[in-house]
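Heads up: the sequence shown begins at 22 in my numbering, then just goes up one per residue.
Don't be surprised by glycine CBs; every beta carbon is placed ideally from N, CA and C.
In what follows, a single structure is set out as structure tokens and then discussed.
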Amino acid sequence: MNTKEAKKRIEKLKKVIGRYRYMYHVLDKQEISDEAHDSLKRELSELEKQFPGFVTQDSPTQRVGGEPLDKFEKAEHRVPMLSIDDVFTEKDVEDWESYLNRLLPGQKINYFCETKIDGFAISLLYKNGLLVRAATRGNGKVGEDVTMNIKTIESIPLRLEVHGRAALKRLDKIAEKGELEIRGEVYMDKKTFERMNREQRKKGEKEYSNPRNLAAGSVRQLDPKLTAARALKFLAYDVVGDAGQARHSEEHEMARTLGFRTVSNEKKCKSTKEISEFFQKITRERDKLPYNIDGVVVTIDDNALFDKLGVAGKSPRGIRAFKFAPKQTTTVMEDIKVHIGRTGAVTPIAHLRPVEVGGVTVSRATLHNQDEIDRLDVRIGDTVIVGRAGDVIPDVIESVKDLRTGKEKKFYMPRECPVCGKILSKTEEVILRCTNKDCPARSREYLYFFVSRRAFDIEGLGPKIIDQLVDEGLVSNPADIFDLREGDLVSLERFQEKSAGNIVGAVKKSKDVSLARFIHALGIRHVGEETSVDLAQYFGSIEGIKKASEDDIRNIPDIGGVVAREIYNWFRDSRNLSFVKDLFGKGIKIEKPEHVGAKLKGKTFVFTGTFEKLTRQEAERKVRMLGGDPSGSVSSQTDYVVVGENPGSKYDKAKELGVKTISEKEFLKMI
Ligand SMILES: [Zn+2]
Numbered sequence: 022m023n024t025k026e027a028k029k030r031i032e033k034l035k036k037v038i039g040r041y042r043y044m045y046h047v048l049d050k051q052e053i054s055d056e057a058h059d060s061l062k063r064e065l066s067e068l069e070k071q072f073p074g075f076v077t078q079d080s081p082t083q084r085v086g087g088e089p090l091d092k093f094e095k096a097e098h099r100v101p102m103l104s105i106d107d108v109f110t111e112k113d114v115e116d117w118e119s120y121l122n123r124l125l126p127g128q129k130i131n132y133f134c135e136t137k138i139d140g141f142a143i144s145l146l147y148k149n150g151l152l153v154r155a156a157t158r159g160n161g162k163v164g165e166d167v168t169m170n171i172k173t174i175e176s177i178p179l180r181l182e183v184h185g186r187a188a189l190k191r192l193d194k195i196a197e198k199g200e201l202e203i204r205g206e207v208y209m210d211k212k213t214f215e216r217m218n219r220e221q222r223k224k225g226e227k228e229y230s231n232p233r234n235l236a237a238g239s240v241r242q243l244d245p246k247l248t249a250a251r252a253l254k255f256l257a258y259d260v261v262g263d264a265g266q267a268r269h270s271e272e273h274e275m276a277r278t279l280g281f282r283t284v285s286n287e288k289k290c291k292s293t294k295e296i297s298e299f300f301q302k303i304t305r306e307r308d309k310l311p312y313n314i315d316g317v318v319v320t321i322d323d324n325a326l327f328d329k330l331g332v333a334g335k336s337p338r339g340i341r342a343f344k345f346a347p348k349q350t351t352t353v354m355e356d357i358k359v360h361i362g363r364t365g366a367v368t369p370i371a372h373l374r375p376v377e378v379g380g381v382t383v384s385r386a387t388l389h390n391q392d393e394i395d396r397l398d399v400r401i402g403d404t405v406i407v408g409r410a411g412d413v414i415p416d417v418i419e420s421v422k423d424l425r426t427g428k429e430k431k432f433y434m435p436r437e438c439p440v441c442g443k444i445l446s447k448t449e450e451v452i453l454r455c456t457n458k459d460c461p462a463r464s465r466e467y468l469y470f471f472v473s474r475r476a477f478d479i480e481g482l483g484p485k486i487i488d489q490l491v492d493e494g495l496v497s498n499p500a501d502i503f504d505l506r507e508g509d510l511v512s513l514e515r516f517q518e519k520s521a522g523n524i525v526g527a528v529k530k531s532k533d534v535s536l537a538r539f540i541h542a543l544g545i546r547h548v549g550e551e552t553s554v555d556l557a558q559y560f561g562s563i564e565g566i567k568k569a570s571e572d573d574i575r576n577i578p579d580i581g582g583v584v585a586r587e588i589y590n591w592f593r594d595s596r597n598l599s600f601v602k603d604l605f606g607k608g609i610k611i612e613k614p615e616h617v618g619a620k621l622k623g624k625t626f627v628f629t630g631t632f633e634k635l636t637r638q639e640a641e642r643k644v645r646m647l648g649g650d651p652s653g654s655v656s657s658q659t660d661y662v663v664v665g666e667n668p669g670s671k672y673d674k675a676k677e678l679g680v681k682t683i684s685e686k687e688f689l690k691m692i
């Protein structure tokens with residue numbers, strides 16, 4: 022290849038690689054395989070080695086190249102990178118609008134909303150289309166020059182290039198000539214963050230606390246190779262400098278046209294009501310986003326108005342960060358009380374001075390067990406930090422020990438059930454339990470559960486009414502519920518005839534119940550909704566479960582030994598059996614499980630050997646679901662022996678007894 026040809030080839034390769042970069046890292050479209058992409062890069066790199074004179078700053082080979090730095094140079098911002106004031110409620114947004122209305126009387130204001138990435142702000146300076154400097158925000162006026170590291174981020178173009186949109190003609194010129202600054206957020210997506218922490222765990226090292234800090238730390242690595250390994254990403258949100266933009270929304274469009282990625286959620290809003298609606302929508306969807314966000318940025322869309330409003334203190338008047346309610350807050354733990362659940366588990370509950378966390382008021386949080394209380398060293402009267410585990414369940418995170426006065430009291434779990442007085446026993450792991458089956462606290466919890474949506478789903482019958490019914494002596498066990506008459510209910514305090522009628526109707530309706538729900542409603546320990554469905558499908562009836570051996574139950578995929586024993590034992594307890602009998606005595610009708618058919622009714626199947634399509638368990642399950650009986654041994658009563666690869670002695674026995682043998686294929690056909 023001569024010099025001229027090499028130059029041409031290098032130019033072409035850079036273009037093609039750049040285009041694939043844009044497709045992949047900005048548009049999420051993979052046009053060629055990673056291997057092919059790498060191969061093109063390798064060719065480019067080889068050519069550049071042969072013809073070093075043609076290496077340019079914007080070559081994809083220059084993304085990771087430089088030697089480690091001793092320190093970062095200072096980088097001055099021509100236009101300061103200002104901070105944004107926070108607002109937390111709809112009322113705050115309305116107050117901001119009235120403030121703007123006073124400053125701009127009679128002016129109609131349009132807003133632009135975009136999600137606020139929880140990342141690290143970066144300014145990118147392009148001269149004549151080429152990325153010449155990337156700087157951190159620093160103190161807003163002076164940051165650090167992190168160009169070498171930022172170049173490793175593939176979603177940042179090394180050269181501006183206009184993609185589509187012929188309408189934005191001025192951009193063509195700007196992309197080639199003059200100066201343009203693009204601002205945005207460098208971040209690490211959730212997946213990468215999880216992967217990095219997995220690796221830390223594997224190495225036995227400390228996990229990173231959050232993706233923002235990790236992204237910031239990665240940008241500030243002195244060795245660009247380390248930054249490159251972190252797979253950071255970039256989202257643009259500002260175009261600084263004159264590119265002919267009149268509105269902030271246009272800057273997003275321009276950034277996209279110039280080869281950047283922007284946030285996926287943005288909206289033009291005409292009123293604070295629309296802003297709030299957008300905020301609510303984002304609040305609901307935030308967990309599904311691939312990156313962390315901490316709110317919504319609301320800007321006055323009209324840049325001229327924005328500039329006219331100017332700056333107050335350190336932040337512009339025309340912009341606010343509408344932040345999600347804090348997920349952690351502090352409050353006083355006023356007491357710890359124990360709660361007895363329906364299976365007798367005794368749980369310590371923190372009674373908190375009511376406080377708002379993540380948008381809801383919280384006054385109770387479980388402390389799980391004595392070990393957890395000891396680990397946290399929380400004491401009654403402590404100021405505690407409260408969060409919401411998984412964003413939902415209130416959780417005491419720690420106590421602020423420096424705020425103690427000396428009057429705080431340590432808490433110890435009681436030795437006896439505070440309701441029935443029975444000595445509590447420590448069952449599995451660390452759980453304390455009241456084993457008294459007649460414990461009023463347990464029975465009441467069980468009643469709450471029995472009528473709940475997860476079990477019999479009796480509409481209108483909640484804990485409050487159950488409490489009244491129990492206190493009046495109208496109900497002492499779940500079977501009593503089915504005897505309730507309107508008159509019983511009307512006699513309760515503040516009860517109206519109409520709602521009494523509704524409840525009686527709902528009770529009646531609930532008598533038709535699916536087998537899975539019925540099993541779940543029995544409240545067998547460890548038997549949740551899913552296990553109930555499995556049991557229903559596998560055995561097809563309560564009688565079936567009753568007859569099953571512990572091994573039969575363990576045969577069900579997903580049911581382990583402990584659970585199988587629990588179920589088996591439950592059906593060996595005469596009290597439980599008479600409870601089931603009582604329920605049926607009240608006219609409960611089990612709807613036939615949908616999947617159970619009668620195709621194989623009365624037929625016995627034995628399986629031997631290994632099968633291609635089904636595991637033995639699946640095959641046996643299919644037989645049960647179709648009303649047949651799988652069996653472990655061949656006898657003259659066996660209808661079919663299904664023979665797989667390498668059959669065992671069962672096959673010989675079948676031949677000996679003259680039992681019909683079929684293949685897996687024939688079996689599948691049959692079902
Ligand atoms: Zn008790």
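Local Cβ density within 10 Å of residue i, reported as buried at 16 or more and exposed below that
i	result
K681	exposed
P369	buried
G427	exposed
A675	buried
T24	exposed
L453	buried
K35	buried
E377	exposed
Y132	buried
M22	exposed
E687	exposed
L556	buried
A187	In this prediction, A187 scores a pLDDT of 49, lower than 50, which makes its location untrustworthy; no coordinate-derived value is stated.
Residues bridged to residue i [DSSP beta-bridge criterion]
i	result
G526	Note: G526 sits in no beta bridge, so no partner.
E184	First, the amino acid is wrong: residue 184 is His here, not Glu. The partner list for H184 (beta bridge, DSSP) is empty, contrary to what the question assumes.
Q349	G408
R385	H372
I143	T157 and G205
T320	F133 and I340
G265	According to DSSP, G265 bridges with nothing at all.
A96	G164
V378	V381
E200	K148
A257	G205
Start and end residues, beta strand (DSSP E) containing residue i
i	result
F628	T625 to T629
Q558	That residue, Q558, is in no beta strand (DSSP E); its alpha helix (DSSP H) goes E550 to F560.
T293	From DSSP, T293 is part of no beta strand (DSSP E) but of the alpha helix (DSSP H) over T293 to E306.
A542	It is not in any beta strand (DSSP E) - A542 instead sits in the alpha helix (DSSP H) that spans L536 to A542.
T136	Y132 to I138
Y661	Y661 to V664
E633	Here E633 belongs to no beta strand (DSSP E), and DSSP marks it neither H nor E.
S420	I414 to S420
V108	D106 to V108
E52	Where E52 is concerned, there is no enclosing beta strand (DSSP E), given that its DSSP letter is neither H nor E.
K694	What is shown of the chain runs 22 to 692, which leaves residue 694 out entirely.
E612	K610 to E612
For residue i, the first and last residue of its enclosing alpha helix (DSSP H)
i	result
V680	No alpha helix (DSSP H) contains V680, which DSSP labels as neither H nor E.
K25	T24 to R42
V601	S595 to G606
P499	P499 to I502
I563	I563 to K568
E588	Checking the displayed sequence, the identity of residue 588 turns out to be Ile instead of Glu. Element bounds for I588: G582 to W591.
Neighbour flag for residue i against chain C, beta carbons, 7 Å
i	result
L146	Considering every chain present, this structure includes no chain C. It has just one protein chain.
Evaluate the contact criterion for the region 345 to 352 versus the region 436 to 453: three or more CB pairs, one atom per stretch, below 8 Å.
no
When you compare the region 499 to 519 with the region 599 to 615, are there three or more beta-carbon pairs, one atom per stretch, that lie closer than 8 Å?
yes
Take every Cβ of the region 291 to 306, pair it with every Cβ of the region 122 to 138, and state whether three or more of those distances are shorter than 8 Å.
yes
Could you tell me whether the region 200 to 211 touches the region 254 to 268, where touching means 3 or more Cβ pairs closer than 8 Å?
yes
Examine the Cβ distances between the region 382 to 390 and the region 563 to 578 and report whether three or more of them are shorter than 8 Å.
no
Evaluate contact between the region 172 to 182 and the region 98 to 112, counting only Cβ atoms and requiring at least three cross-stretch pairs below 8 Å.
no
Please confirm if the region 536 to 552 is in contact with the region 462 to 471, defined as three or more CB-CB distances below 8 Å between the two stretches.
yes
Inspect the CB distances between the region 628 to 641 and the region 663 to 679 and report whether three or more fall short of 8 Å.
yes
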